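What follows is a set of notes on a single structure, which appears directly below.
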Amino acid sequence: AKLLLLNGPNLNLLGSREPGVYGRTDLAEIESTLVTQAERLGHEMVCFQSNAEHELLDRVQRAADDGIAFILLNPAALTHTSIALRDALLAVAVPFIEIHLSNTYAREEFRQINYFSDIAAGCLIGLGAQGYELALQAAHKRLMDAEG
Ligand code: DQA
């Protein structure tokens, strides 16, 4: 199946951005690992990152027409603010897994607001870059189970 890895604002800076919080793995490495692992599982992984909310909305809106079966999403700071991105995901009705490198629940009060977890298929929070790999495995299992 075709999967979409979607990363929100500032995640292009992974590797150098607050490495104590977000780790030293950069986005290119996360993306290439997921592309390779998806291929091994018989899937195609499309990757997209943007700092612009409207570009993420447009990408999600295109997902259904693009034949995307599953989305792996780290909404980054939009997690705590974007009703628009939430509504886009509900509109296309493509299932998604929410990922956060850091444990947002162990952080500031303003990160306790989350517009995605209650509509996600599942969440991987606080497991660093490994969260993306675990999300892919979970998506793969769901897709296989759905095929019967
Ligand atoms: C993040 C957590 C968010 O609170 C933060 O704004 C990010 C990254 C994470 O992966 O830990 O940009 O989504």
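Under the UniProt record's numbering, the first residue of the sequence shown carries the number 2, and numbering increases by one thereafter. We put the beta carbon where it would ideally sit given N, CA and C, even for glycine. Predicted model only: the values in this text are computed from it and were never measured.
Asked: Could you tell me the alpha carbon to alpha carbon distance between L58 and R87, rounded to whole angstroms?; Found: 9 Å
Asked: From E148, E40, H44 and E32, pick the residue whose C-alpha is nearest to that of N75; which is it?; Found: E32
Asked: Cβ atoms of P10 and A89: under 7 Å apart, would you say?; Found: no
Asked: For the candidate residues R143, T80, E134 and R41, whose alpha-carbon lies nearest to that of N115?; Found: T80
Asked: For G16, I'd like the list of residues in its chain whose CB is within less than 7 Å of its CB, leaving aside the five on either flank, ordered along the chain.; Found: R25, T26 and D27
Asked: Relative to the alpha-carbon of A94, which residue among I84, Q62 and M145 has its alpha-carbon at the smallest distance?; Found: Q62
Asked: Within its chain, find whatever has a CB closer than 7 Å to the CB of I100; leave out the 5 residues flanking it on each side and keep chain order.; Found: L73, L74, N75, L125, G132, Y133 and A136
Asked: With H, G and I counted as helix, E and B as strand and the rest as coil, what does DSSP make of I126?; Found: strand
Asked: Do you know how far the Cα of A140 is from the Cα of S118?; Found: 16 Å
Asked: Between the Cα of L128 and those of Y23, D66, R18 and K3, spot the shortest distance and give me the residue it belongs to.; Found: Y23
Asked: Please state whether DSSP places F111 in a helix, a strand or coil.; Found: helix
Asked: Do L64 and P96 have their C-beta atoms within less than 7 Å of each other?; Found: According to the sequence shown, residue 64 is Ala rather than Leu. Result no, Cβ atoms of A64 and P96 do not sit closer than 7 Å.
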